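Line by line, the protein sequences are chains A and C.
The first sequence lines up with residues 75 to 250 when you count with the numbering used here.
The second sequence lines up with residues 88 to 316 when you count with the numbering used here.
See below for the structure under consideration.
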Amino acid sequence: MWKRDESVKPTNVQPASGGSDGRSSGTSGSAQSGGRQLTGGDVVNIGKSVVIKGELNGSEDLTIEGQVEGKIELKDHVLTIGANGKIEAQVFAKMLIVLGEVNGNIVASEKVEIRDGGSVDGDIVSPRVAIAEGAHFRGSVDMQRKSGQPPVAPRPAAQASPQTPPAAQVARPAIR
Amino acid sequence: MGLSDLFARLRKDDDVTATSEADELIKPTRALTRFLAGLDTSQQPILLDLGPVVGSNVTFFGGEVGCKLLIEDLSKDIDQHVSQSKVADLPDFFEGRFPQESETISGILCWDIFDYLDRAAADQLARQLTRVLEPGGLLLAFFSTADPQSTIRPTYTRHVVVDRSHLEYRPYKAARAKQRPLLNRDIQRLFEPLKVTENFLLKTHQREVLFRKPVKTSGAPFESPLAVR
Chain A
75 MWKRDESVKP
85 TNVQPASGGS
95 DGRSSGTSGS
105 AQSGGRQLTG
115 GDVVNIGKSV
125 VIKGELNGSE
135 DLTIEGQVEG
145 KIELKDHVLT
155 IGANGKIEAQ
165 VFAKMLIVLG
175 EVNGNIVASE
185 KVEIRDGGSV
195 DGDIVSPRVA
205 IAEGAHFRGS
215 VDMQRKSGQP
225 PVAPRPAAQA
235 SPQTPPAAQV
245 ARPAIR
Chain C
88 MGLSDLFARL
98 RKDDDVTATS
108 EADELIKPTR
118 ALTRFLAGLD
128 TSQQPILLDL
138 GPVVGSNVTF
148 FGGEVGCKLL
158 IEDLSKDIDQ
168 HVSQSKVADL
178 PDFFEGRFPQ
188 ESETISGILC
198 WDIFDYLDRA
208 AADQLARQLT
218 RVLEPGGLLL
228 AFFSTADPQS
238 TIRPTYTRHV
248 VVDRSHLEYR
258 PYKAARAKQR
268 PLLNRDIQRL
278 FEPLKVTENF
288 LLKTHQREVL
298 FRKPVKTSGA
308 PFESPLAVR
């Protein structure tokens, strides 16, 4: 039951960043702070030293321990914001689990979970929302959105999200 | 009696104690029942909750009642002002606290937040809440009727909806104690032009008050409040 699955070794992959904004997203390649690593079950991990500015698209489950500013789209997959993760972005995912910080609007087609110690400042649209005691949340919750309806527009200045450069100008670290 | 029997009995006793303690925190509420009944659910109502975020309440109001829920935890704001010794700034703070447009909110859950405010701050908060509440909208507030006891460590209360007619009162640490209770007429004046539609005085030294914002008509500034069913 507790036997570790050693069949999957961490692989050396290129850092999932490198922006045109000049802000580096250094990765040491170690298992703890690696920019991107594959682990068992096709979950990709973005390490805590990684900073990504721009759009993040993916077609597999993703755990973010670093910082992301801009937009994250994982529409058919689970996105986990780890305890060290700091997100200043609009998030679209099938399911979102927050243990770190999210500042931005969230659209999840299945569920949003804010766990103890997690923090969300923004509006949530999802049919299921679970907020643990000890979690921080400020914003609105809409559990009634019909499918096909456009997602909520991002909050204006109140959200304090940084100016996001136009999509054409930003790096798009594709995680596939 | 074997040791295993003894431990089993002790465990059972512990469970019973924990359950009874939880039961003691659960109290009936009449105003919440009326509040929910009075919400117009033909369209998705927008609720403004001024208490701390409670996961099960989000599920209840968002999923079961079908509201869009806005959560603005004012207890954190009060604590922040107390810790910075800026309680006197609360009225100015409340003036710009609510970014919502006027008359866009269907219902407001104040819980007992007014118990922790001075008169000037309470006035400003009530003014802002009256502004954002739509005509016909409802506001639910609880007011203590007992003088605050200085010997007791100050606590806020997390109001957890058990069902439509019961609330669980979960205390948690506060930076500021409850202030002197407001009299009934002061409560009415505080929220003018809202009209009191229900006023329940409970054995728990608490007053549950339900307000409704009168609907504007072309002839008169306000129509008499609608009956809450």
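Glycine included, each C-beta is placed from N, C-alpha and C at the ideal position.
No experiment lies behind these values; they were computed from the predicted model shown.
Nearest-angstrom Cα distance between residue i and residue j?
i                 : j                 : result
Arg240 of chain C : Leu112 of chain C : 18 Å
Glu279 of chain C : Val203 of chain A : 36 Å
Val296 of chain C : Thr284 of chain C : 8 Å
Gly153 of chain C : Glu188 of chain C : 21 Å
Ser98 of chain A  : Leu148 of chain A : Only weak support is given to the placement of Ser98 of chain A: the predicted model assigns it a pLDDT of 36, under 50, and the value that follows is read from those uncertain coordinates. Computed Cα separation, rounded: 23 Å.
Ser193 of chain A : Ala209 of chain A : 6 Å
Phe147 of chain C : Val248 of chain C : 8 Å
Cys199 of chain C : Asp210 of chain C : This sequence places Asp at residue 199 of chain C; Cys is not what is there. So the alpha carbons of these two residues sit roughly 15 Å apart.
Lys168 of chain A : His253 of chain C : 34 Å
Ile205 of chain A : Asn144 of chain C : 9 Å
Leu123 of chain C : Ile158 of chain C : 17 Å
Asn179 of chain A : Arg212 of chain A : 11 Å
Arg263 of chain C : Gln215 of chain C : 22 Å
Lys251 of chain A : Ile188 of chain A : Absent from the structure is residue 251 of chain A, since the part of chain A shown begins at 75 and ends at 250.
Gln167 of chain C : Lys265 of chain C : 16 Å
Ser183 of chain A : Val117 of chain A : 19 Å
Gly138 of chain C : Gly140 of chain A : 31 Å
Tyr243 of chain C : Asp234 of chain C : 15 Å
Leu227 of chain C : Arg245 of chain C : 15 Å
Leu190 of chain C : Leu212 of chain C : Per the sequence shown, the amino acid found at residue 190 of chain C is Glu instead of Leu. Straight-line Cα distance between these residues: approximately 15 Å.
Arg218 of chain C : Ile274 of chain C : 17 Å
Lys114 of chain C : Lys290 of chain C : 10 Å
Val125 of chain A : Ala118 of chain C : 49 Å
Glu162 of chain A : Ile165 of chain C : 26 Å
Leu135 of chain C : Ser123 of chain A : 38 Å
Arg251 of chain C : Gly128 of chain A : 45 Å
Pro222 of chain C : Lys282 of chain C : 11 Å
Val165 of chain A : Asp160 of chain C : 23 Å
Does the beta-carbon of residue i have 16 or more other beta-carbons within 10 angstroms, so that it is buried, or is it exposed?
i                 : result
Asp135 of chain A : buried
Val236 of chain C : Note that residue 236 of chain C is Gln in the sequence shown, not Val. Gln236 of chain C comes out exposed.
Asp197 of chain A : buried
Thr128 of chain C : exposed
Glu143 of chain A : buried
Lys173 of chain C : exposed
Asp202 of chain C : buried
Leu173 of chain A : buried
Lys303 of chain C : exposed
Gly194 of chain C : buried
Pro132 of chain C : buried
Arg206 of chain C : exposed
Tyr259 of chain C : exposed
Gly159 of chain A : buried
Ser170 of chain C : exposed
Asp175 of chain C : According to the sequence displayed, residue 175 of chain C carries Ala and not Asp. The residue is exposed, with fewer than 16 neighbouring Cβ atoms inside 10 Å.
Gly183 of chain C : exposed
Cβ closer than 7 Å: which chain A residues qualify as neighbours of residue i?
i                 : result
Val145 of chain C : Val203, Ile205, Val215
Which bits of chain C does residue i rub up against, with CB to CB less than 8 Å?
i                 : result
Gln218 of chain A : Gln131, Gly149, Gly153, Lys155
Could you work out which residues of chain C lie near residue i, taking near to mean beta carbons separated by less than 7 Å?
i                 : result
Phe211 of chain A : Val140, Ile158
Over what stretch of residues does the alpha helix (DSSP H) that includes residue i continue unbroken?
i                 : result
Phe147 of chain C : From DSSP, Phe147 of chain C is part of no alpha helix (DSSP H); its letter is neither H nor E.
Ile200 of chain C : Run containing Ile200 of chain C: none; DSSP gives neither H nor E here.
Pro178 of chain C : 177-182
Arg118 of chain C : At residue 118 of chain C the sequence reads Ala, which differs from the Arg that was named. Here the alpha helix (DSSP H) through Ala118 of chain C covers 118-125.
Have a look at the DSSP bridge pairing and note the partners of residue i.
i                 : result
Ser214 of chain A : C:Leu157
Pro258 of chain C : C:Thr244
Gln164 of chain A : A:Lys145
Asp273 of chain C : Looking at the DSSP assignment, Asp273 of chain C forms no beta bridge with any residue, so it has no partner.
Lys250 of chain C : The residue asked about is misnamed: residue 250 of chain C is Asp in this sequence, not Lys. In DSSP, Asp250 of chain C forms a bridge with C:His253.
Arg294 of chain C : C:Phe230, C:Leu288
Ala206 of chain A : DSSP, once it has assigned bridges, lists no residue as partnering Ala206 of chain A.
Val137 of chain C : First, the amino acid is wrong: residue 137 of chain C is Leu here, not Val. Answer is none; Leu137 of chain C lacks a bridge partner.
Val194 of chain A : A:Val176, A:Phe211
Thr191 of chain C : Thr191 of chain C is not bridged to any residue.
Val199 of chain A : A:Val181, A:Asp216
Mind checking which residues open and close the beta strand (DSSP E) that includes residue i?
i                 : result
Pro115 of chain C : 113-115
Gln211 of chain C : Taken as a continuous stretch (DSSP letters only), Gln211 of chain C belongs to no beta strand (DSSP E), being part of the alpha helix (DSSP H) at 206-219.
Phe278 of chain C : Element bounds for Phe278 of chain C: n/a, residue is neither H nor E.
Ser123 of chain A : Where Ser123 of chain A is concerned, there is no enclosing beta strand (DSSP E), given that its DSSP letter is neither H nor E.
Lys185 of chain A : 180-188
Val176 of chain A : 175-177
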